[in-house]
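K.L.:
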Amino acid sequence: MEGVLNEIFSMYEIFLLVFVRTSGIFIFSPLFSSQNVLNIAKIGFTFALSILITLSFPGGIDLSGEILFILIFKELLIGVILGFISYIFFSSFYTMGQLIDMKIGFGMANVVDPQSKAQVPLSGNFYYIIALLLLLLMDGHHLIITALKDSYLAIPLGSFTYDIDTLKVIISGMVQSFEIAFKLSTPIIAIIFLTDLVLGVLARTIPQMNVFVVGMPLKLLIGLLFISVGFPLFFSGVDSIMDMIVTHTYEFLKYR
């Protein structure tokens, strides 16, 4: 243990940069950035992972002539972008839940997301939690760590440059995230739309019926029913999102 610490101290600049990049990816990435995980556990895991990555550099790296503050900023930006790419796609569940909630009557019932400290849709938070559990079952957290390790091969320390290709990857991820959310929510939205049409016809044919009193619980019941029935579609959507996270992450690394 003492020998490992001595080697870390002799490579303290490299360890600092590795620690910054590792910390950056944990700021936004799903699961690792959750407030439900103790901060001491995050710091300890980041520290241990940084030590392993630092020791993997053969013979160290020459960083002479570089301004340390600029290098730290570059490494933090790399980690933040890598974590943000994964968060972009997982935020599609919030968008999906928002679209569904507005149709079934949960639009005013929001909960607080422990990660962003912001109000999020009820259904979206439910989908997000299920997706995180599936992320663990599918070893998605291992993919994030593997991408971090591979990032040092694609983007050596101090070599990162922010350009238009980086922006294209991020924008493309945002577009595909909304597209996935819209596709996953479309079946339920279509069913609720047909329910509204039926209620509209009933209101014209039976004026004595109070559509507002009957309609809201009916749409809520139908919405929850089809949310349950549509879980296989949701599971396939999570699988597609995992593939897109890997694709966009390595696309970002490829352009460097």
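Going from the sequence shown to our numbering is simple: count from 1 and add 453.
Even for Gly, the Cβ is constructed at its ideal location relative to N, Cα and C.
1. To which residues of the same chain is V471 closer than 7 Å at the C-beta, ignoring the five residues directly before and after it?
2. Let's see if you can read the secondary structure: which residues bound the alpha helix (DSSP H) around F542?
3. Have a look at M662 and S576 and give me their C-alpha separation to the nearest angstrom.
4. Evaluate contact between the stretch 624-635 and the stretch 598-616, counting only Cβ atoms and requiring at least three cross-stretch pairs below 8 Å.
5. Which class does L491 belong to by DSSP, given the choice of helix, strand or coil?
6. Identify which residue in G683, I680, Y580, F526 has its Cα closest to the Cα of G610.
7. Considering only the alpha carbon of each residue, which of F537, F679, G550, F688 lies closest to I698?
8. Okay, do the stretch 654-669 and the stretch 575-590 touch, 3+ Cβ pairs below 8 Å being the bar?
9. Just the C-alpha distance for L655 and L529, rounded to the nearest angstrom, thanks.
10. Would you call the stretch 612-631 and the stretch 538-551 in contact, with 3 or more CB pairs under 8 Å?
11. So, under 8 Å CB-CB, K556 and I680 are touching, yes? Tell me the CB distance rounded to an integer number of Å.
12. Specify, as a first and last residue, the run of the alpha helix (DSSP H) that N663 falls within.
13. May I ask you to report which of helix, strand or coil DSSP gives M627?
14. Hey, how far is the Cα of V473 from the Cα of L671?
15. Who are the Cβ neighbours of M695 in its own chain at under 8 Å, not counting the five residues just before and after it?
16. Specify the secondary structure class of P483 as computed by DSSP and reduced to three states.
17. Alpha carbon to alpha carbon, how far is E466 from Y580? Give it in angstroms, no decimals.
P.N.:
So, from the listed chains and residues:
1. S503, I506, T507
2. 521-543
3. 30 Å
4. no
5. coil
6. The sequence shown places Leu at residue 610, rather than the Gly named in the question. Looking at the Cα atoms, F526 is the closest of the given residues.
7. F537
8. no
9. 59 Å
10. yes
11. K556 to I680, Cβ: 11 Å. No contact.
12. No alpha helix (DSSP H) contains N663, which DSSP labels as neither H nor E.
13. helix
14. 52 Å
15. Correct list, in chain order: L588, M591, G593, L596.
16. In this structure, DSSP gives P483 a state outside helix and strand, which the three-state scheme calls coil.
17. 41 Å
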